[in-house]
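Residue numbers (the working numbering), protein chains in the order written: chain A, 122 to 234; chain B, 5 to 120.
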């Protein structure tokens with residue numbers, strides 16, 4: 122069974138802190154994605170990666186960075202967390218040739234106070 | 005760019021009644037369309053997709069969706085709703101920006117509430 126896991130289900134951080142959100146997939150997928158989910162806005166793509174050490178900006182990359190050192194792991198980094206980054210963060214992965222067939226992790230609900 | 009719209013924030017239906025969750029799309033070229041469901045405190049789960057072929061697509065948990073090219077719609081349907089169908093439903097469309105990398109663009113979501 123396919124599996125995408127995220128390091129934390131709930132996270133509370135203070136303004137200005139550096140935050141790491143980790144995502145691991147066990148399906149040997151080339152593509153990985155980070156989204157944020159906000160009520161009334163749906164899912165918005167932050168960053169994606171189509172290979173190790175490769176990354177591309179999504180629709181809302183400001184305030185975020187990513188790291189992909191290994192194929193199975195994709196990290197989202199908030200360099201200096203702000204209250205407007207309070208949100209649900211979802212990680213997903215997909216095979217190389219069908220990047221639209223995505224498998225999602227359970228999400229991390231981040232609260233920045 | 006490709007986009008989808010979900011005109012209803014919430015849909016209420018009684019258990020046993022048919023349900024419809026609406027989605028309209030705007031694309032250039034042939035659309036690849038998807039439905040995902042999110043149960044409380046869970047990630048998104050794939051329900052079904054339309055790429056080509058029969059306009060009526062069957063998916064998981066008894067759901068189906070009807071692709072209508074003339075109305076640019078892809079509505080999600082189920083003949084008989086269950087209380088356990090209560091969840092957040094997202095419509096999505098494949099987008100291919102200038103980079104050539106295929107990605108998904110999601111709608112804003114529709115909350116389905118099925119009452120006993």
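Glycine residues also receive a C-beta, built at the ideal position from the N, C-alpha and C atoms.
Asked                                                                                                               : Found
Comparing the C-beta of residue 227/A with each C-beta of chain B, is any distance below 8 Å?                       : yes
Quick check on residue 72/B: buried or exposed, where buried means 16 or more other Cβ atoms within 10 Å of its Cβ? : exposed
Could you say which of 38/B, 119/B, 30/B, 24/B lies nearest to residue 88/B if we only look at CA atoms?            : 119/B
Give me the Cα-Cα distance between residue 45/B and residue 35/B, rounded to the nearest whole angstrom.            : 30 Å
For residue 228/A and residue 85/B, I'd like the C-alpha separation in whole angstroms.                             : 27 Å
Along the stretch 145-175 of chain A, where does the CB come closer than 9 Å to a CB of chain B? Name the residues. : 152, 154, 156, 158, 160, 161, 162, 163, 164, 165, 166, 169, 171
Helix, strand or coil for residue 89/B per DSSP?                                                                    : helix
Note down, in chain order, every chain A residue with its Cβ under 8 Å from the Cβ of residue 107/B.                : 154, 166, 169, 179, 220, 221
Counting only beta-carbon separations shorter than 8 Å, does residue 78/B have a partner in chain A?                : no
With a Cβ-Cβ cutoff of 8 Å, do residue 185/A and residue 197/A count as a contact?                                  : yes
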